[in-house]
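Undergrad: One line per chain: the protein sequences are A and B, in this order.
Counting from 1219, one number per residue, gives the positions in the first sequence under this note's numbering.
Counting from 127, one number per residue, gives the positions in the second sequence under this note's numbering.
I'd like to ask some things about the structure below.
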Amino acid sequence: MKDISSQKSKAIRFREIKEKTIKYALLMCAFTSVLAVIIITMFIFWEGMPLFGSVNPIEFLLNPRWEPSDAVNPSYGILAFIIGSVYVTALALLLGIPIGIACAIFLAEIAKGPVAKVLRRAVEILAGIPSVVYGLFGYQTICIFVRESFGGTGYSVLSAAIVLAIMILPTIINIGEISIRAVPGEYREGSLAVGATHWQTIVRVLLPAARSGIIAGIVLGTGRAIGETMAVLMVAGNSTPIPFLVTDSTRTLTMNIVTDMSYASGLHRVALFTTSIVLFVFIMILNSVIQFLTRKSRMQGA
Amino acid sequence: MKKISTNKTNARLFEKIAKGFLWIAAGMSIVVLLWIIGSILFQGFIAISDREYPVIARGSMTAAFDAERKYTAAFLINSGIRTDELTAQDIIDFYSLEKTDWVISAQDLDVSLFSYEAESGLVESFRESVFGDEFQLAFTARPASTEYEMLGNVAATPGAIGYIDSGLKAFAKSMGVTVLDIPEAENKKIAIIVNKTIGISELSLRHVVEIFLGDERKWNEGGVDIVPYIYTTTNTTHSVFIALMQEGMFKRSCTLVESDHEMIEKVGSTPGAIGFIPEHAIDLARQNPNVKIVTVRSVALFVNPAVMEIKEYRQLRQIAEANVSKLFSGAITNYSEIDGIDLPVVPILYKESTRMDNELRTIQFPEGWEHGVDAISVETEAEFVTTLSKTPGGIGFGNYFSLHNTLVGQVLPVRRQEITQNLTFEFLTEAPSKSSRAGGVSTIIGNTILLIFITLLFAVPFGIGGAVYLVEYSRQGMLVNTLRFFTETLAGIPSIIYGLFGYILFRIVFGLQEGILSAGLTLMIMILPTIIRTAEEALKSVPKSYRFESFALGATKWQTIRRVILPAASPGIVTGIILGVGRAIGETAAVLFTCGSSSRFVLDQGVNVEMFTKSARVLALHIFFLFKESAGNVRAIHQAYATSAILIIVILGINLLTAQLLKRMNSMRN
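In C-alpha cells form, the structure reads like this:
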C-alpha cells in the first residue's frame, strides 16, 4: 500500500516537474520578443554610439554635409536625410490619410456584402505585396508618371510619397475600420434618434469617438513609412542634398544605411549605425504614441 | 415651411456628395491595387521592349551574301535553341567569335560553329562577308614591298616567315628558303616560305594563322623568335593571303563537315550549334527534327555619312520601323522630321528589273508600293555604294552581309517594339546565368524555399510557445502587458533595423558567414510578432468549456493544451504561420546584409553543414539586384518583373488560403 502510494507520488512529482519545465520553457518563448527588442536596441546603440567620440551629436544631426569618404575633411551630417525622411513621410501621409480614412468609414458604415468583401480583400492584398515589388512598380510606373506630369527626373520626393501612401493605406484603413466599429452602438443610435443624418452621425459622433484609434493607425502608418527602405530606395533618386521641391530627388535615413553599407568601413560604417539609432529613436517614439493611443481607445471602448 | 424643406434637400444633397466621396476613395483603393497587380503580372508574363537592330524586320529563309544573289545559304541551328530568327549581325558576330553564347535566346549555351571542309564559292563569300578584307596581323610583323624583297628578307633572317606567289616556288628553292607544304595554300596558288634554319617542311594552316595573328611568338620552346614578314603595298598575293588566313580562322573556330548531310546531322546533335547549307539542301534539313532553319534578317538601311552627323545638338541615331517606308514614299522629305538634321531625304533604290535578293525586293517593292518622287535608281551593288557615297541625304536598302564592311558606320539602326513571353516555364526551371542575361530563377526559388523553411523551424515553436504562455499560463497583469508591449514594439521595428541587427548578431558576434542560417534567424525574429498575435487570437477563441472538460477528465494542463486546445486552435495558428511566410518571402531589407547574393543553389553540393552559411540569393533580393543591374540591360528589368510576378502569385495564393482557413475557422466556431 505504502509502496503504491510512493510510486504514485513519484509519478505525480515527475508530472509536476514536467509541467513546471514546460511552463518555464513557454515563458522563455514568450520572452524571446522581449529579449529581441533589448538585444536589437543594445546592438544598434553599441555599434552606433562610438561615432560621438569624434563627431559632435549636434553636428551629426544638424549638418547637411554628408561626405564620409572625403580623405581630407570627412563630414558626417545627416540633416539632409532627416529632412528627406520627414518630407517624404509627411507628403505620403497627406496623400494617404484622406483616402485611408474615407475607405475606413466606407467599410465600417456604408459598404455591405460583396462590395465590402472586395475592398477588404483588396486592402489585405495591398498589405501583402512585398516592398521591393512596390519599388519596381514605382520605378517603372510612378516615376515615369511624375516625370511626365511634374517634370524633373521622376526619381523624386513625390514618387516616393505616392508609393508610400499606397503602402500605408492598408494600415490606416484596417485600424480605422476597427476603431470606428468599436464605437458603442448606443452612440450611433442616440445620434440618429435625435434626428441627425447618417453623415452627421459619422462626422460628429463616430469619428470623434474613434479618434484615438484612427490616430493610432495613422501613427502606425507613419512608422511604416519612415522605416520603409527598398521601395523608397528604388524611386527617390538617392541624392544627398536637401530636397526643396517635390520633384527633387532625395535620400532618406533608411536609404543612407543601405546605400553605404556595402562598402563603408571605419568611422563611416559607425556613422551608418548612428543613422539607424536616429531612425530607431523616431520609431520608438511613434511606437510609444501608438501604445498610449491604443490603450486610451481600448479604455474608451470598454 | 418651404425654407426648411430646401434645407433638407440641401442636406440630403450634401450627404450624397459626401458618401460619393467615400465611394470614390474606396474605388480608388481597388483601382490602385488592380493597377499594381495588373502591371506586375502583365509585364511579368509579357515583355515589351524597344530594341534597335542594324537590319529591318522582315527576313527570309535564305541569306544572300550580295545583293545579286550569287551565293545564298540557309542557316540552321540546333532545335534546342529558343529562337526562330537571327539577324545578319548575329551570324557575323558568331562566326567572327564576337559572340560566343546564346544570350539572344536567353539560354546558357555556348555557340558551336559549323562550316564545310571543302572550299566553295558559298563558303568563301560567306567568310568574306564575316571578315571583309580584314585580318588582324601580328603587331611584330616586318615590312616587305615586293615579292623579291620578301624572298630576300626571309632568306636572310633567322626565324623569318613570309608568303609569295606559288609561281615563284622554284626560284625560292634556289634561293635557299624552305617552301612549306600546306594544301590550302597550294589551292590558292600561294606559297608560305620560311628561313631554312628553322628546319621544318610542313605546318598546319592553323599554326600559320596563329603566327600571323601574333599568338605564337617562338618556333619552339625556348627557341628562335618568329619573324613574320608582310607586304606593305597591297598586291594580289597579299589579298589572296588574307583570304587564306580567313580560311584558317574559320578552320580554327568551326567544326568542319564534308557534306550537307553531315552538316545537318552534326548541327542536330550538338547543343548550341549553328551551321549553314546551300539553298538546295533546305528540304533535306526539314526532314531532321533536331535542326531548324532560321529566318535571317539581312536587309539594312544604309545612309550617306552626312545623314548621321551631329549639328546643333541634333543627330539621327536610329529610326522607328514605322517611319522607314515613309522615307521612300515621300511622306518624310527631310531628316529633321524624324529628329535628324536639316537635310532632304534622297532615296536610292534598285531598278525593279534588277536581279536581287528576295528580301531586298519585298522591302523595296511591297504590294501597292508607290515610288518616292526623287528616288535615284541603281542597278548593281557597286553602283549603289558609289551613288550613296556621292549623295548627301542619300538613303537606301542594302544587303547587310555584303555591305557592312564597305559602308562601316553608315547603317541607320531600326528601332522596333518587340513583344515576347517573359515568365516562361523555362524561367522557372533554369538556373540564372551570364549575370541574369540568360536563364531563369530555379536556384533562387530553391534558396527561397530553404530560407522560409529555416525561418519557420525557429519561428513556429517560439511563436506558438510564446502565445500559449500568454493565453494559458500568465494571469493578466504587469507581465502580460510588458510582453505585449515588447511584441508590439518588435512588430513596429522597420525591416532595415532587423537587417542591421542580424548583421551585427549573426555575422559579427557569432561570426557566421552570410547565408540562409543568419537570414533565417533574422527573419524569425521579424515574423515572430505576426505568429504570436494570430496564435494568441486563435487560442483565445477556443471555448473555455474545452479546458474545463479536459481538466475534469483528469488531464494535466500541458496535456489539455497539447491534445485539446492546440488542435482546436490550429486553423488560426496555421493562418498566422502562412501570414508570416507571406511576410518573410517578400522581405528584402532584412536579409540584404545577411543572406548574400550568390545565385547558386545552396544544395548544389549536396546536403551538408556548409549549406547554411553559403551566400544565397532569394527571390526578393533577386528583384533588387536585377533592378541594380538594369542600367543598359533591358532583360534585367524583364526578369525583375517575371520574378515579381512569381512573388505576387505566391502572395495572392497565400491570401486566398488564409481567407479559406479563416472562413473554416469561423464556421467551426459557429
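From the three backbone atoms N, C-alpha and C, an ideal C-beta is built for every residue, glycine too.
Can at least three beta-carbon pairs, one atom from the stretch 1435–1451 of chain A and one from the stretch 621–638 of chain B, be found at a separation below 8 Å?
TA: These segments touch.
Undergrad: So who's on the other strand from R268 of chain B, going by DSSP bridges?
TA: For the purposes of this step, residue 268 of chain B is identified with residue 142 of the second sequence, where counting begins at 1. Paired residue(s): B:Y355.
Undergrad: Since V1437 of chain A and L1511 of chain A should fall inside the 8 Å C-beta cutoff, what is the C-beta to C-beta distance between them, to a whole number of angstroms?
TA: In the first sequence, the residue the question calls residue 1437 of chain A occupies position 219. In the first sequence, the residue the question calls residue 1511 of chain A occupies position 293. Confirmed, about 7 Å.
Undergrad: Considering only the alpha carbon of each residue, which of B:E662, B:G566, B:S251 lies closest to V586 of chain B?
TA: Locating residue 586 of chain B in the second sequence gives position 460, counting from the first residue. Comparing Cα positions, the closest option is B:E662.
Undergrad: Locate the alpha helix (DSSP H) running through K225 of chain B, then write down its first and last residues.
TA: As a first step, residue 225 of chain B is located in the second sequence; it is residue number 99 there, counting from the start. Note, K225 of chain B: premise wrong, no alpha helix (DSSP H); not H, not E.
Undergrad: I'd like to know whether the C-beta atoms of V1304 of chain A and A1379 of chain A end up nearer to each other than 9 Å.
TA: For the purposes of this step, residue 1304 of chain A is taken as residue 86 along the first sequence, with counting starting at 1. For the purposes of this step, residue 1379 of chain A is taken as residue 161 along the first sequence, with counting starting at 1. It is not a contact, given that the beta carbons lie outside the stated cut-off.
Undergrad: Specify, as a first and last residue, the run of the beta strand (DSSP E) that I502 of chain B falls within.
TA: The residue you call residue 502 of chain B lines up with position 376 of the second sequence. That run of the beta strand (DSSP E) goes 502–504.
Undergrad: Please report whether the beta-carbon of V353 of chain B lies at a distance below 9 Å from any beta-carbon of chain A.
TA: On the second sequence, residue 353 of chain B is found 227 positions in, with the first residue counted as 1. V353 of chain B does not count as touching chain A.
Undergrad: Determine the direct distance from the alpha carbon of L1297 of chain A to that of F220 of chain B, and round the result to whole angstroms.
TA: As a first step, residue 220 of chain B is located in the second sequence; it is residue number 94 there, counting from the start. As a first step, residue 1297 of chain A is located in the first sequence; it is residue number 79 there, counting from the start. Answer to the nearest angstrom: the Cα atoms are 54 Å apart.
Undergrad: Measure the alpha-carbon distance for I318 of chain B versus A282 of chain B and round it to whole angstroms.
TA: Working through the second sequence from its first residue, we reach residue 318 of chain B at position 192. Working through the second sequence from its first residue, we reach residue 282 of chain B at position 156. Roughly 16 Å between the two C-alpha positions.
Undergrad: Out of A:M1452, A:D1288, A:T1470, state which residue places its alpha-carbon closest to the alpha-carbon of P1459 of chain A.
TA: Here residue 1459 of chain A refers to the residue found at position 241 of the first sequence. It is A:T1470 whose Cα lies nearest to the Cα of P1459 of chain A.
Undergrad: 9 Å is my cut-off, CB to CB: does S1367 of chain A come that close to chain B?
TA: Counting from one through the first sequence, the residue named residue 1367 of chain A turns up at place 149. Closer than 9 Å: no.
Undergrad: Note down, in chain order, every chain A residue with its Cβ under 9 Å from the Cβ of F553 of chain B.
TA: As a working note, residue 553 of chain B is residue 427 in the second sequence. Those within 9 Å of F553 of chain B in chain A number zero; the least Cβ separation is about 16 Å.
Undergrad: For the stretch 294–357 of chain B, list the alpha helix (DSSP H) runs that are entirely contained and at least 4 residues long, ordered along the chain.
TA: For the stretch 294–357 of chain B, whole alpha helix (DSSP H) runs of length 4 or above, ordered along the chain, are 295–301, 309–313, 331–339.
Undergrad: With DSSP collapsed to three states, give me the class of D234 of chain B.
TA: The sequence position of residue 234 of chain B within the second sequence is 108, counting from 1. Correct three-state label for D234 of chain B: coil.
Undergrad: Is K418 of chain B buried or exposed, if buried means 16 or more other CB atoms sit within 10 Å of its CB?
TA: Here the question's residue 418 of chain B lines up with position 292 in the second sequence. By the neighbour-count rule (16 or more Cβ atoms within 10 Å), K418 of chain B is buried.
Undergrad: Okay, do the stretch 553–572 of chain B and the stretch 231–251 of chain B touch, 3+ Cβ pairs below 8 Å being the bar?
TA: In short, these stretches touch, since the Cβ pair count reaches three.
Undergrad: Scan the stretch 430–481 of chain B and note each continuous alpha helix (DSSP H) run of 4 residues or more that stays entirely inside, going in chain order.
TA: 447–455, all fully within the stretch 430–481 of chain B.
Undergrad: Can you list, in chain order, the residues of its chain with a C-beta nearer than 7 Å to that of E1395 of chain A? Leave out the 5 residues immediately preceding and following it.
TA: The residue given as residue 1395 of chain A occupies position 177 in the first sequence. A1322, L1325, A1326.
Undergrad: Strictly by DSSP, which residues pair up with E544 of chain B?
TA: Counting from 1 along the second sequence, the entry for residue 544 of chain B is found at position 418. In DSSP, E544 of chain B forms a bridge with B:S175.
Undergrad: I want to verify the contact list: residues of chain A whose CB lies under 9 Å from the CB of G712 of chain B, in sequence order.
TA: To locate residue 712 of chain B, count along the second sequence from 1; it is residue 586. Result: G1346, I1347, P1348, S1349, V1350, V1351.
Undergrad: Strictly below 7 Å CB to CB, what residues from chain A border L616 of chain B?
TA: One-based indexing of the second sequence puts residue 616 of chain B at position 490. Ordered by position in chain A, the residues that pass the 7 Å Cβ test against L616 of chain B are S1251, A1254, V1255.
Undergrad: Go through its chain and collect everything with a Cβ distance to T1389 of chain A's Cβ below 7 Å, but skip five positions before and after it.
TA: Locating residue 1389 of chain A in the first sequence gives position 171, counting from the first residue. Excluding sequence neighbours, T1389 of chain A sits near G1435, L1438, G1439, R1442.
Undergrad: Strictly under 9 Å for the Cβ-Cβ distance: is G589 of chain B near chain A by that measure?
TA: Stepping through the second sequence from its first residue, residue 589 of chain B is reached at position 463. With 9 Å as the cut-off, G589 of chain B counts as an interface residue toward chain A.
Undergrad: Strictly by DSSP, which residues pair up with C380 of chain B?
TA: Here the question's residue 380 of chain B lines up with position 254 in the second sequence. B:L239.
Undergrad: Roughly how many angstroms separate the alpha carbons of F1546 of chain A and M791 of chain B, rounded to a whole number?
TA: Missing from the structure shown is residue 1546 of chain A; chain A here goes from 1219 to 1520 and no further.
Undergrad: Taking one C-beta from the stretch 701–720 of chain B and one from the stretch 643–661 of chain B each time, how about it: are there three or more such pairs within less than 8 Å?
TA: A contact exists between the stretch 701–720 of chain B and the stretch 643–661 of chain B.
Undergrad: Excluding the five sequence neighbours on either side, which residues of its own chain have a C-beta within less than 7 Å of the C-beta of I1360 of chain A, listed in chain order?
TA: Taking the first residue of the first sequence as 1, we reach residue 1360 of chain A at position 142. Answer for I1360 of chain A: S1377, I1380, V1381, V1453, listed in chain order.
Undergrad: Please go through the same chain and pick out, in chain order, the residues whose beta-carbon is closer than 7 Å to the beta-carbon of G206 of chain B, but skip the five residues on each side of it.
TA: If you number the second sequence from 1, residue 206 of chain B lands on position 80. Same-chain partners within the cutoff: P397.
Undergrad: Within 10 Å of its beta-carbon, does F1299 of chain A have 16 or more other beta-carbons around it, so buried, or fewer, so exposed?
TA: Residue mapping note: residue 1299 of chain A aligns to position 81 of the first sequence, counting from 1. It is buried - the Cβ of F1299 of chain A has at least 16 other Cβ atoms within 10 Å.
Undergrad: Applying the criterion that 16 or more other CB atoms from any shown protein chain within 10 Å of the CB defines a buried residue, is M1260 of chain A buried or exposed?
TA: Position 42 of the first sequence, counted from the start, is the residue given in the question as residue 1260 of chain A. Counting Cβ neighbours within 10 Å, M1260 of chain A comes out exposed, since fewer than 16 surround it.
Undergrad: When you compare each of B:T459, B:M389, B:I337 to S241 of chain B by their alpha carbons, which one comes out closest?
TA: Locating residue 241 of chain B in the second sequence gives position 115, where the first residue counts as 1. Nearest C-alpha to S241 of chain B: B:M389.
Undergrad: Output the distance between the C-alpha atoms of A200 of chain B and A407 of chain B, rounded to the nearest integer angstrom.
TA: Taking the second sequence and counting its residues from 1, the one referred to as residue 200 of chain B is at position 74. Taking the second sequence and counting its residues from 1, the one referred to as residue 407 of chain B is at position 281. In a straight line, the C-alpha of A200 of chain B is about 8 Å away from that of A407 of chain B.
Undergrad: DSSP on Y1352 of chain A, reduced to helix/strand/coil?
TA: For this step, residue 1352 of chain A is matched to residue 134 along the first sequence. Residue state, collapsed to three classes: helix.
Undergrad: So, using beta-carbon positions, are V334 of chain B and I356 of chain B closer together than 9 Å?
TA: Stepping through the second sequence from its first residue, residue 334 of chain B is reached at position 208. Stepping through the second sequence from its first residue, residue 356 of chain B is reached at position 230. No, these two residues do not count as a Cβ contact at 9 Å.
Undergrad: Taking a contact to mean a Cβ-Cβ separation below 9 Å, would you say V1592 of chain A touches G1295 of chain A in this structure?
TA: With chain A covering 1219 to 1520 only, the question about residue 1592 of chain A has no answer from this structure.
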